[in-house]
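In the numbering used here, the protein residues as written are 1109 to 1312.
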Ligand code: NI
């Protein structure tokens, strides 16, 4: 009996060690970017064209926050939901006294073949008025997406000339220095995002 008890107590630290290792292993690698350590990985310069046809570069947004999302206007479900959620979050943020003028929401197309400035302009009518839409050449888009670690690829065909794009759908909050602050996923509700914007971007 005494021996059994000794063995039990000897096993406790081993079990705790095992649990700790499991938690560490589970914490790393599953979700990219990891919220706390993503700073160095995400963000970079871009030079693209907005929905009015004007040339826009990342440098002109320095000094304010950017809310950056990559997607495409023909997206049947994910992009409209995310852009709607971001729009509601921006409204809530403003209603709660947030410095709306200090944050620039930006939608960057990963489907530049179809997303011309005119298509972007029309599409953005559905979302928050502060959104700007950016498009460019394939290589300009590849560079911007690469900087933000955004995955995208042409997906399934549908209809005579339709096709889907597979893409990651993360909303990035970038700071006045252009560096990563935090990000939001489909798990984050509009009020959650608004709260985070209040704490990071601040009030008027
Ligand atoms: Ni989409």
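Yeah, the Cβ is synthetic: ideal placement off N, Cα and C, and Gly gets one too.
Query                                                                                                   : Result
Backbone secondary structure at residue 1282 - three-state DSSP                                         : strand
Rounded straight-line distance, which links the Cα of residue 1223 to that of residue 1176              : 17 Å
Sufficient close CB pairs (3 or more, under 8 Å) joining the stretch 1164-1173 to the stretch 1205-1216 : yes
Reduced DSSP secondary structure (H/G/I, E/B, other) of residue 1322                                    : Residue numbering for the chain in the displayed model covers 1109 to 1312; residue 1322 lies beyond these limits and cannot be assessed.
Near the ligand NI: residue 1179 beta-carbon under 6 Å from a heavy atom                                : yes
Meets three-Cβ-pair contact criterion under 8 Å: the stretch 1226-1242 and the stretch 1148-1160        : yes
For residue 1251, the first and last residue of its enclosing alpha helix (DSSP H)                      : 1246-1255
At least 3 beta-carbon pairs within less than 8 Å: the stretch 1244-1253 vs the stretch 1197-1207       : no
Residue 1180 beta carbon less than 7 Å from that of residue 1218                                        : yes
Span of the alpha helix (DSSP H) around residue 1301                                                    : 1298-1308
Three-way DSSP call (helix, strand, coil) for residue 1167 in this model                                : helix
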